[in-house]
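Colleague: The following block contains the structure, expressed as structure tokens.
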Amino acid sequence: MAEPGTPRWFLEELFAGKPDELYLLIWTLADKRSRWFRDLDAAASAVEALAGQDVYVGVGLSAKDYGPSQRCPSEEIIGIVGLWADFDLRSEAHPKKALPATIQDALAIIPDPFTPTMVVATGNGAHAWWLFKEPYLFDTDEERRTATRLIARWQTLLRLNAATRGWAFDRLADLARVLRIPGTVNAKDPANPKPVTLFSHSGRRYNPSDFEDWLEEAAVPDPAAEQQAARDWAERFKDKPLVINLNARISEETIERWIEADLRFRNTWFRQRHDLHDQSQSGYDLALACFGIDAGLSEQRIVDLIIHHRALHKQKHRTRLDYYQRTIAKAARRTEGVDPVSILQATAAPEPPPAPPEDASQPDEPVKQPDPVTTKAILCERISRVLGIRILRLVKVTGKEPTYQMQLETTTIEFPNIGRFIDQTSVRLAIASATNRLIPKIKPKVWEQLVQTMLDALTETAGGDETDFKGSIRMYINQYLSDTGFIDTIESQPANALRCPTVIDGRIAICSSDLQPYVNRNFSQNLSVKAIASMLAAIGARNITVKGKTFKPQSRWLLPVEEFDPAEFTIETRRQEPANAE
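Counting from 0, one number per residue, gives the positions in the sequence shown under numbering that gives the first Met the number 0.
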């Protein structure tokens, strides 16, 4: 038996049970050459002879030899031996991406019940394999598509789990994929070749149904369906030219839903709005446009809604584009300042699958929904599609004054407050500064919907002492005392030193009027002296008035000695000159 971690052992583990007539692929990077083998022993010998190179194995089996210059296309792969994942690590090869630091960290995104059969350390990352108990062979194209969806959903789960930790993960689910072989080298950087080794081997094997059941229970979306949903959702945010299609219709199901949810829409749709001063069709067009603006419909959908309504009531169609533009603009002005009706519950959050036909013999089953963490990651994927940049996650750092983060693949954008986080100009400039890419402008009403989705996607994390009211002032004082020279006495000091920290009766005494500009300058704050005084009082500092012969009376704050010991901030604590304190 081959020694664990050698190319021969690895290939035997991978392709145990492979039908003799099927081919496996060995591929080398340097010459981009494909080598096809039906015999495992011959394949292992070839890899051993090439071990000083970048050598890869195909994840799929093929029915024929495709020659030295081709790989088997995904749509012709005949079977797979398991599932796989490619983890990048933070390294010289991936210096800019937000990535885990170690293989152990990377593996933390894998659900507990699914320990990989083996993990290969690739030099700058890792490849994980979940091998099946026997090869999964495809008899039909539909079986191949089913396997492709399974791999894509599994990698979608890993991608979403990675995003919740602020890490990038590339979904590499194509059946023509090749992965590295332990016992070879990663020589992409010829000056610094790295060995490819076996990191772990659990020996566990799985059935495809193990993953299918787990993914169904976790409500992980089908990637193709989710991408289409994300594209459809993103389309709502694009500023596209309007089209007049006199055959346009809104689905009956959608109309019925609006009728049930909104009495005013019901009366408008059936031309029963007795409160309308303008009972002409133009008046009803405007009422429908107002509904559409409030409901967050795209301008195109509002046009289609008006066309549908005119057809329903056998009214003459309006064919000039400027008529619809004026109607929508007028509706926008009328609804200005009114909170838009949120439709994000139906569009921003992942939609449940359609309900099955009613069957009295079958008990109702609750529709499975992704867990909240996964839902937030899905929302970030959709926001990414709208903005045109990959957002891993959105974070709210809680505290006295919460801050916000937009974590991208290559950097993290900080927003100091909620105002900056929800302001379109602020977000566009911040993204442009971080990525050298200016995202397109979005109309104000639609931006409000996108912002609500951003807020729904926020992951909250504790900010620590520095974001707490009391913690903030403690941090400010510690830094201030470390950076600012103490004076032995207030008497006879020049004007620029009169308000520096000193020690009175064994306690550090500071002036809020000296601390305030330091804090604003060094911590990018805009605090008043009154606010600083309030914060000092909150941590137990005591206000006193100090009088002397050579200076006017001063207001100073005595800091609690148990938190701010003079001995920790002065080289030596000198006995102070007498001073009258009230």
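Virtual Cβ for every residue (Gly too), placed ideally from N, Cα, C. Remember, it's a predicted structure, so these values are computed and weren't measured experimentally.
If you run the structure through DSSP and keep just helix, strand and coil, what is W166?
Modeller: Position 167 of the sequence shown, counting from 1, holds the residue named residue 166. In this structure, W166 counts as coil in the three-state DSSP scheme.
Colleague: Given that a residue counts as buried once 16 or more other Cβ atoms are within 10 Å of its Cβ, and exposed if not, what is E561?
Modeller: Looking up residue 561 in the sequence shown gives position 562. E561 should be labelled exposed.
Colleague: Determine the extent of the alpha helix (DSSP H) in which K132 is found, giving its start and end residues.
Modeller: Mapped onto the sequence shown, residue 132 falls at position 133. Unbroken run through K132 is the beta strand (DSSP E), G124 to L136; no alpha helix (DSSP H).
Colleague: How would you label H273, buried or exposed, when you count the other beta carbons within 10 angstroms and need 16 or more for buried?
Modeller: For the purposes of this step, residue 273 is taken as the residue at position 274 of the sequence shown. So H273 ends up on the exposed side.
Colleague: Whose C-alpha, out of R520, L174 and L454, is nearest the C-alpha of D482?
Modeller: Residue mapping note: residue 482 aligns to position 483 of the sequence shown, counting from 1. That would be R520, whose Cα lies nearest to the Cα of D482.
Colleague: Counting contacts by CB-CB distance shorter than 8 Å, is A429 in contact with chain D?
Modeller: Here there is only one protein chain, and chain D is not present.
Colleague: Since A508 is in the beta strand (DSSP E), which residue starts that stretch and which ends it?
Modeller: Numbered from 1 along the sequence shown, position 509 holds the residue referred to as residue 508. Counting along the chain, the beta strand (DSSP E) containing A508 begins and ends at R506 to I509.
Colleague: Who does L82 pair with in a DSSP beta bridge?
Modeller: Numbered from its first residue, the sequence shown carries residue 82 at position 83. Bridge partners of L82: W129.
Colleague: Sort Q280, A456, L49 and E141 by Cα distance to K582 and report the nearest one.
Modeller: This structure cannot settle anything about residue 582, because the visible part of the chain is limited to 0 through 581.
Colleague: What beta strand (DSSP E) runs, 3 residues minimum, are completely inside the region 523-556?
Modeller: With a minimum length of 3 residues, the continuous beta strand (DSSP E) runs that stay inside the region 523-556 are 541-546.
Colleague: Do P112 and A127 have their beta-carbon atoms positioned less than 8 Å apart in this structure?
Modeller: On the sequence shown, position 128 is the one that residue 127 refers to. On the sequence shown, position 113 is the one that residue 112 refers to. No, these two residues do not count as a Cβ contact at 8 Å.
Colleague: Could you tell me if D212 is buried or exposed, where buried requires 16 or more neighbouring beta carbons within 10 angstroms of its beta carbon?
Modeller: Mapped onto the sequence shown, residue 212 falls at position 213. Exposed, by the Cβ-count rule.
Colleague: Expressed to the nearest angstrom, what Euclidean distance is found between the alpha-carbon atoms of K442 and I305?
Modeller: Counting from 1 along the sequence shown, the entry for residue 442 is found at position 443. Counting from 1 along the sequence shown, the entry for residue 305 is found at position 306. So the alpha carbons of these two residues sit roughly 21 Å apart.
Colleague: According to DSSP, which residues form a beta bridge with D87?
Modeller: Walking along the sequence shown from the start, residue 87 turns up at place 88. According to DSSP, D87 bridges with G124.
Colleague: Would you kindly work out how many angstroms separate the C-alpha atoms of L197 and G4, rounded to a whole number?
Modeller: Taking the first residue of the sequence shown as position 1, residue 197 is located at position 198. Taking the first residue of the sequence shown as position 1, residue 4 is located at position 5. If I take the Cα positions, the gap works out to 5 Å.
Colleague: Taking all protein chains shown into account, decide if R506 is buried (16 or more other Cβ within 10 angstroms of its Cβ) or exposed.
Modeller: For the purposes of this step, residue 506 is taken as the residue at position 507 of the sequence shown. When all chains shown are included, R506 counts as buried.
Colleague: When the Cα of H276 is compared with those of L285, W268 and F269, which residue comes out closest?
Modeller: Numbered from 1 along the sequence shown, position 277 holds the residue referred to as residue 276. Of the listed residues, the one whose Cα sits closest to H276 is L285.
Colleague: State the beta-bridge partners of W26 as determined by DSSP.
Modeller: Translated into the one-based positions of the sequence shown, residue 26 becomes position 27. The partner list for W26 (beta bridge, DSSP) reads S33 and Y55.
Colleague: What does DSSP give as the partner residue(s) for Y205 in the beta ladder?
Modeller: As a working mapping, residue 205 is identified with position 206 in the sequence shown. Beta-bridge pairing links Y205 to F131.
Colleague: Give me, in chain order, the residues of the same chain whose beta-carbon lies closer than 8 Å to that of P353; leave out the 5 immediate sequence neighbours on both sides.
Modeller: Here residue 353 refers to the residue found at position 354 of the sequence shown. Since pLDDT at P353 reaches only 43, below the 50 mark, its modelled position is unreliable, and the value read off the structure follows with that caveat. Excluding positions up to five away in sequence, the list is empty.
Colleague: Is DSSP giving M453 helix, strand or coil here?
Modeller: Start at 1 with the first residue of the sequence shown, and residue 453 comes out as number 454. DSSP places M453 in helix when its eight states are reduced to three.
Colleague: The alpha helix (DSSP H) that contains K375, what's its start and end?
Modeller: As a working mapping, residue 375 is identified with position 376 in the sequence shown. Element bounds for K375: P371 to L386.
Colleague: Checking 8 Å against the spacing of the C-beta atoms, do V58 and I79 come in under that value?
Modeller: Along the sequence shown, read from residue 1 onward, the residue named residue 58 stands at position 59. Along the sequence shown, read from residue 1 onward, the residue named residue 79 stands at position 80. Yes, they are a contact pair.
Colleague: Do R555 and A508 have their C-beta atoms within less than 8 Å of each other?
Modeller: The sequence position of residue 555 within the sequence shown is 556, counting from 1. The sequence position of residue 508 within the sequence shown is 509, counting from 1. Cβ atoms of R555 and A508: closer than 8 Å.
Colleague: Closest to F36 by C-alpha separation, out of D19, A429 and L49, would be which residue?
Modeller: On the sequence shown, residue 36 is found 37 positions in, with the first residue counted as 1. Answer by Cα proximity: D19.
Colleague: Going by other Cβ atoms of all chains shown within 10 Å of its Cβ, with 16 needed for buried, is F9 buried or exposed?
Modeller: Position 10 of the sequence shown, counted from the first residue, corresponds to residue 9. Under this definition F9 is a buried residue.
Colleague: Who are the near neighbours of F14 in its chain, counting only those whose CB is closer than 7 Å to its CB and skipping five residues on each side?
Modeller: Numbered from its first residue, the sequence shown carries residue 14 at position 15. Answer for F14: L23, L39 and V80, listed in chain order.
Colleague: Less than 6 Å between C-beta atoms, sequence neighbours within five positions excluded: which residues of the same chain meet that for I109?
Modeller: Within the sequence shown, the letter at position 110 stands for residue 109. Taken in chain order, the list of residues that qualify is empty.
Colleague: Quick check: the Cα distance between G124 and F485, rounded to an integer number of angstroms?
Modeller: Numbered from 1 along the sequence shown, position 125 holds the residue referred to as residue 124. Numbered from 1 along the sequence shown, position 486 holds the residue referred to as residue 485. Between G124 and F485, the C-alpha separation is close to 52 Å.
Colleague: Does the distance from the C-beta atom of L159 to that of I377 stay below 8 Å?
Modeller: The count along the sequence shown starts at 1 and reaches residue 159 at position 160. The count along the sequence shown starts at 1 and reaches residue 377 at position 378. In this structure, I377 lies closer than 8 Å to L159 by Cβ.
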